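Data first, discussion second: the structure below is written as structure tokens.
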Amino acid sequence: MEKSEVKAILNAVAKGEMSTDEALLKLRMEPFEELGFAKPDIHRAVRQGIPEVIYGAGKTPEQIMAITAALLKNGQKTVLITRLSPESAEYVKKEIDIKYYNEARIGVAGDIPVPDTEGTVLIVTGGTSDIPVAEEAAVTAEMLGNKVNRLYDVGVAGIHRLLSHTEDIMAAKVIVAVAGMEGALASVVGGLADCPVIAVPTSVGYGASFGGVSALLSMLNSCASGVSVVNIDNGFGAGYIASMINHIGGK
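Position 146 of the sequence shown, counted from 1, bears residue number 361 in the numbering used here, the numbering being contiguous throughout.
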């Protein structure tokens, strides 16, 4: 159950359109469902405004299916499954209708939401190799009700490519900058934008990039104000935070 649904119930009681007993019945759901191997959080949308998201890596296809079914059964309209392998997606599809985003490795069960806020989330990558992480951020933001604009392969090795899209940068309400190698893209974007920039270091790079640690440290040491950093390859976290920022003022 989402916050809007709780408000609707309370408003109905206040207007005399619903009895307190009827309201209590609608609200009388357990805060989580006990599955033994998992406890799906049924009340997360009420607490945080965004329902629980399933992290698919490390879970069996059977576990993913059971958790997804439990969330849908308890009224969650959209279930996001991140780091979902194609094999697990095919298994879940046997019982539950899901849309699978191959590049993002994300599965979505239930309704595909439409943007419910006016601001735009801009996803920028340094190179084509960063796109899988960027797509995880982009699809996450889209499934949380945001309009998303993509700007790929505009890294500092050819900075004129980025500068030709200054209008897109200035029009965004929040930017997610995804880059590996030395991770300089976040600082450059941060120096051009008048909105928050969420930097995502990726594990793309040669040996001395240390699996993304070089990009992570560069982004943490950015000289541009307004740049924050999530963990290596954490496109989901960036998309989630971008959505929260984009919805500020629209609540």
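No residue lacks a Cβ here, since even glycine has one placed at the ideal position from N, Cα and C.
Quantities reported herein were computed from a predicted structural model and do not represent experimental measurements.
Under the three-state reduction of DSSP output, N364 falls in the strand class. In this structure, G452 places its C-beta atom within 8 angstroms of the C-beta atom of N446. Linking K288 to A260 through their CA atoms gives a straight-line distance of about 15 angstroms.
M358 sits buried, since 16 or more C-beta atoms from the chains shown fall within 10 Å of its C-beta. With a cutoff of 8 angstroms on beta-carbon distance, I269 and L250 are scored as not near each other. Excluding sequence positions up to five before and after A253, its CB lies within less than 6 angstroms of the CB of I282, all in the same chain and listed in chain order. Looking at V415, T335 and A387, the one whose alpha-carbon comes closest to that of P347 is V415. Just measuring C-alpha positions, the residue of E350, I224 and T381 sitting nearest A394 is E350. Here the region 410-424 makes contact with the region 382-389; the two share three or more CB pairs at distances below 8 angstroms.
If one requires a minimum length of 3 residues, the beta strand (DSSP E) runs lying completely within the region 288-315 are 293-297, in chain order.
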